[in-house]
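Inspection log for the structure reproduced underneath, given as C-alpha coordinates.
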Amino acid sequence: MRLHHVQVAMPRGGEAAARRFYADGLGLTEVVKPEALRSRGGAWFRAYDDRGRVVTEIHVGVEDPFVPARKAHPAVVVDAVEELDGLAARLDELGFLVDWSERHTLPPHQRFHTFDGHGNRVEVLAEP
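Here is the structure:
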(Lines of atoms letter the chains of each structure in order from A and count residues from 1; the text may use other names and numbers.)
(Lines give C-alpha, C1' and ligand atoms only; values in the text may rest on other atoms or scores of the structure.)
Protein backbone atom coordinates (compact mmCIF):
# COMPACT_ATOMS: atom_id res chain seq x y z
CA MET A 1 0.00 0.00 0.00
CA ARG A 2 1.13 3.54 -0.68
CA LEU A 3 -0.40 6.97 -0.29
CA HIS A 4 -1.84 8.38 -3.53
CA HIS A 5 -2.49 11.99 -2.45
CA VAL A 6 -3.31 14.29 0.43
CA GLN A 7 -6.07 16.87 0.22
CA VAL A 8 -6.02 20.20 2.02
CA ALA A 9 -8.81 22.75 2.02
CA MET A 10 -9.10 26.27 0.72
CA PRO A 11 -11.88 28.82 0.41
CA ARG A 12 -13.68 29.25 -2.91
CA GLY A 13 -11.58 31.39 -5.26
CA GLY A 14 -8.29 30.60 -3.48
CA GLU A 15 -6.49 29.00 -6.44
CA ALA A 16 -3.97 31.84 -6.89
CA ALA A 17 -2.86 31.60 -3.26
CA ALA A 18 -2.59 27.81 -3.61
CA ARG A 19 -0.40 28.18 -6.72
CA ARG A 20 1.82 30.74 -5.01
CA PHE A 21 2.56 28.36 -2.13
CA TYR A 22 2.55 24.88 -3.68
CA ALA A 23 4.02 25.73 -7.10
CA ASP A 24 6.09 28.88 -6.55
CA GLY A 25 7.07 28.08 -2.95
CA LEU A 26 7.41 24.30 -2.74
CA GLY A 27 8.20 23.85 -6.43
CA LEU A 28 5.45 21.34 -7.16
CA THR A 29 3.99 21.11 -10.68
CA GLU A 30 0.34 22.00 -11.14
CA VAL A 31 -1.58 19.36 -13.09
CA VAL A 32 -4.94 19.66 -14.81
CA LYS A 33 -7.79 18.20 -12.80
CA PRO A 34 -9.99 15.63 -14.52
CA GLU A 35 -12.79 17.26 -16.52
CA ALA A 36 -15.51 15.87 -14.25
CA LEU A 37 -13.93 17.56 -11.20
CA ARG A 38 -12.92 20.98 -12.60
CA SER A 39 -16.19 22.73 -11.80
CA ARG A 40 -15.55 22.17 -8.08
CA GLY A 41 -12.61 24.58 -8.12
CA GLY A 42 -9.27 23.97 -6.44
CA ALA A 43 -5.93 22.89 -7.87
CA TRP A 44 -3.78 19.75 -7.91
CA PHE A 45 0.00 19.64 -7.56
CA ARG A 46 2.60 16.90 -8.06
CA ALA A 47 6.29 16.21 -7.61
CA TYR A 48 8.11 13.69 -9.77
CA ASP A 49 11.25 11.61 -9.25
CA ASP A 50 14.17 11.45 -11.69
CA ARG A 51 12.35 8.80 -13.73
CA GLY A 52 9.19 10.87 -14.08
CA ARG A 53 7.15 8.91 -11.55
CA VAL A 54 4.77 10.79 -9.24
CA VAL A 55 6.17 10.79 -5.70
CA THR A 56 3.99 13.43 -4.05
CA GLU A 57 0.52 14.67 -4.90
CA ILE A 58 -1.40 17.36 -3.04
CA HIS A 59 -4.98 18.29 -3.92
CA VAL A 60 -6.19 21.68 -2.74
CA GLY A 61 -9.98 21.59 -2.70
CA VAL A 62 -12.73 24.05 -1.97
CA GLU A 63 -14.40 23.66 1.41
CA ASP A 64 -17.34 25.82 2.44
CA PRO A 65 -17.29 26.94 5.13
CA PHE A 66 -13.51 26.96 5.13
CA VAL A 67 -11.43 26.47 8.28
CA PRO A 68 -7.64 26.06 7.93
CA ALA A 69 -6.01 22.93 9.32
CA ARG A 70 -3.68 24.25 12.03
CA LYS A 71 -2.64 20.87 13.48
CA ALA A 72 -3.38 18.17 10.85
CA HIS A 73 -0.96 18.54 7.94
CA PRO A 74 0.77 16.96 4.99
CA ALA A 75 4.49 16.33 5.44
CA VAL A 76 6.71 16.25 2.36
CA VAL A 77 10.26 14.90 2.28
CA VAL A 78 13.18 16.34 0.33
CA ASP A 79 16.44 14.53 -0.41
CA ALA A 80 18.94 16.72 1.44
CA VAL A 81 19.31 19.36 4.14
CA GLU A 82 20.56 21.79 1.47
CA GLU A 83 17.26 21.38 -0.37
CA LEU A 84 15.37 21.89 2.89
CA ASP A 85 17.29 25.11 3.54
CA GLY A 86 16.66 26.29 -0.03
CA LEU A 87 12.93 25.69 0.20
CA ALA A 88 12.78 27.52 3.51
CA ALA A 89 14.60 30.49 2.01
CA ARG A 90 12.28 30.56 -1.03
CA LEU A 91 9.16 30.37 1.14
CA ASP A 92 10.52 33.13 3.38
CA GLU A 93 11.22 35.31 0.32
CA LEU A 94 7.62 34.79 -0.79
CA GLY A 95 6.40 35.93 2.63
CA PHE A 96 5.42 32.58 4.13
CA LEU A 97 6.20 31.89 7.78
CA VAL A 98 8.96 29.29 8.22
CA ASP A 99 9.13 27.84 11.73
CA TRP A 100 12.40 26.06 12.57
CA SER A 101 11.56 25.60 16.28
CA GLU A 102 11.26 21.82 15.84
CA ARG A 103 14.16 21.39 13.42
CA HIS A 104 15.89 18.63 15.41
CA THR A 105 12.91 17.08 17.25
CA LEU A 106 12.32 14.14 14.86
CA PRO A 107 15.70 12.39 14.55
CA PRO A 108 17.26 11.59 12.22
CA HIS A 109 15.31 14.11 10.08
CA GLN A 110 15.57 17.88 10.09
CA ARG A 111 12.38 19.80 9.45
CA PHE A 112 10.42 23.02 9.46
CA HIS A 113 6.74 23.87 9.56
CA THR A 114 5.07 26.49 7.43
CA PHE A 115 1.54 27.54 6.48
CA ASP A 116 0.13 27.74 2.98
CA GLY A 117 -1.65 30.83 1.66
CA HIS A 118 -4.87 29.73 3.38
CA GLY A 119 -3.33 29.02 6.79
CA ASN A 120 -3.03 25.22 6.49
CA ARG A 121 -0.02 23.75 8.27
CA VAL A 122 2.59 21.98 6.10
CA GLU A 123 5.72 20.15 7.28
CA VAL A 124 8.86 19.80 5.18
CA LEU A 125 11.51 17.24 6.21
CA ALA A 126 14.96 16.34 4.93
CA GLU A 127 16.16 12.76 4.62
CA PRO A 128 19.18 12.12 6.85
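Sequential numbering from -16 applies to the sequence shown in the working numbering.
Cβ atoms here follow ideal geometry from the backbone N, Cα and C, with glycine treated the same way.
Would you decide whether residue i is buried or exposed? Buried here means 16 or more other CB atoms lie within 10 Å of its CB.
{"i": "residue 12", "result": "exposed"}
{"i": "residue 57", "result": "buried"}
{"i": "residue 101", "result": "buried"}
{"i": "residue 77", "result": "exposed"}
{"i": "residue 1", "result": "buried"}
{"i": "residue 80", "result": "exposed"}
{"i": "residue 72", "result": "exposed"}
{"i": "residue 31", "result": "exposed"}
{"i": "residue 19", "result": "exposed"}
{"i": "residue 109", "result": "buried"}
When the Cα atoms are used, what is the spatial distance from residue i to residue j?
{"i": "residue 10", "j": "residue -4", "result": "21 Å"}
{"i": "residue 7", "j": "residue 89", "result": "27 Å"}
{"i": "residue 98", "j": "residue 104", "result": "4 Å"}
{"i": "residue 82", "j": "residue 16", "result": "31 Å"}
{"i": "residue 42", "j": "residue 95", "result": "21 Å"}
{"i": "residue -11", "j": "residue 40", "result": "7 Å"}
{"i": "residue 23", "j": "residue 45", "result": "7 Å"}
{"i": "residue 48", "j": "residue -6", "result": "7 Å"}
{"i": "residue 34", "j": "residue 27", "result": "20 Å"}
{"i": "residue 37", "j": "residue -13", "result": "9 Å"}
{"i": "residue 21", "j": "residue 111", "result": "39 Å"}
If the criterion is Cβ atoms closer than 9 Å, does the pair residue i and residue j meet it?
{"i": "residue 29", "j": "residue 14", "result": "yes"}
{"i": "residue -8", "j": "residue 59", "result": "no"}
{"i": "residue 107", "j": "residue 61", "result": "yes"}
For my contact list, residue i and residue j are in at a C-beta cut-off of 8 Å; report their separation, rounded to the angstrom.
{"i": "residue 67", "j": "residue 93", "result": "6 Å"}
With a cut-off of 9 Å, does the C-beta of residue i fall near any C-beta of chain C?
{"i": "residue 2", "result": "Looking at the structure shown, chain C is missing, and only one protein chain is on hand."}
Legend entry - 4 or more residues per run - each alpha helix (DSSP H) lying fully within the region -5 to 36: -2 to 1
Inset, instruction - Note down, one range per segment and in chain order, each beta strand (DSSP E) of at least 3 residues found wholly within the region 27 to 87. - result: 37 to 45 and 58 to 61
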